[in-house]
Amino acid sequence: MITLLASHNEELYKVEPRCVADIADLVRAHQLQVLTSTDGTLDFWFTHHPWLRVNRHATGLLLAITRFTAHEVPLLRGDIVIAAHDSAGQPTSLTDTQLSRLVNSEPSRREERILHRRFDRDLRAQRRTRATAEAAARNSLLARGFGRTHPRRS
Numbered sequence: 001m002i003t004l005l006a007s008h009n010e011e012l013y014k015v016e017p018r019c020v021a022d023i024a025d026l027v028r029a030h031q032l033q034v035l036t037s038t039d040g041t042l043d044f045w046f047t048h049h050p051w052l053r054v055n056r057h058a059t060g061l062l063l064a065i066t067r068f069t070a071h072e073v074p075l076l077r078g079d080i081v082i083a084a085h086d087s088a089g090q091p092t093s094l095t096d097t098q099l100s101r102l103v104n105s106e107p108s109r110r111e112e113r114i115l116h117r118r119f120d121r122d123l124r125a126q127r128r129t130r131a132t133a134e135a136a137a138r139n140s141l142l143a144r145g146f147g148r149t150h151p152r153r154s
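Residue numbers for the sequence shown follow the working numbering, so the first one is 1 and each next one is one higher.
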């Protein structure tokens, strides 16, 4: 099946996974989540790890093919696989029309501005969280180091 991989490096790649397990390998996770387009033809396979950076390109594509507003669209993180699905819900190849629709979709300028503000806000929040976690780890190490007692020598 032919699908698109919206990579964390903001590039789109055609990939050919054979099953959901292959999609999990591409996304680099075992607990997959799926969002479906408004018309029910496209699936965005992803995992939610809050420490991963936002995949701006995939988030923009999701905005373009759903009824989400730029304020509401979920911020997709990491690698995202975009596929179609059959009547049983199993992933299938994207058609040429679907590929064209994805490649040629772009958010409006207003939507881009809103998304950029959200991306920047998320990046700042991630930095704050990381700095707080690093400070807590550092303080924990220091506290353990100073609280240590050494056995007496006889």
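Where a beta carbon is used, it is the ideal one built from N, C-alpha and C, also for glycine.
Just so we're clear, the structure is a prediction, and the values are computed from it rather than from any experiment.
Does the region 100–120 come within contact of the region 64–75, defined as at least 3 CB pairs closer than 8 Å?
They touch, by the three-pair rule.
Where does Ala-29 fall in DSSP's three states?
In this structure, Ala-29 counts as coil in the three-state DSSP scheme.
Would you check if the region 72–86 and the region 11–27 touch, i.e. whether three or more CB-CB distances between them fall below 8 Å?
They touch, by the three-pair rule.
Using the C-alpha atoms, what's the distance from Ile-23 back to Val-54?
Their Cα atoms are separated by approximately 19 Å.
Where Ala-137 and Trp-51 are concerned, what is the direct C-alpha to C-alpha distance, given to the nearest angstrom?
Ala-137 and Trp-51: Cα-Cα distance of roughly 17 Å.
Report all residues from its chain with a CB closer than 6 Å to the CB of His-57; omit the five preceding and five following residues, and keep chain order.
These residues qualify, in order along the chain: Ala-6 and Glu-10.
Suppose the cutoff is 8 Å on Cβ atoms and the five residues either side in sequence are ignored; what does the same chain contact list for Glu-134 look like?
Answer for Glu-134: no residue qualifies.
What did DSSP end up calling Ala-136 once you bin it into helix, strand or coil?
Residue state, collapsed to three classes: helix.
Please report the residue range of the alpha helix (DSSP H) in which Asp-96 lies.
Here the alpha helix (DSSP H) through Asp-96 covers 96–103.
Please state the DSSP three-state secondary structure of Ile-2.
In this structure, Ile-2 counts as coil in the three-state DSSP scheme.
Round the Cβ separation of Leu-142 and Gln-98 to the nearest angstrom and send it over; I've been treating them as touching at under 8 Å.
Wrong, their Cβ atoms sit about 55 Å apart, outside the cutoff.
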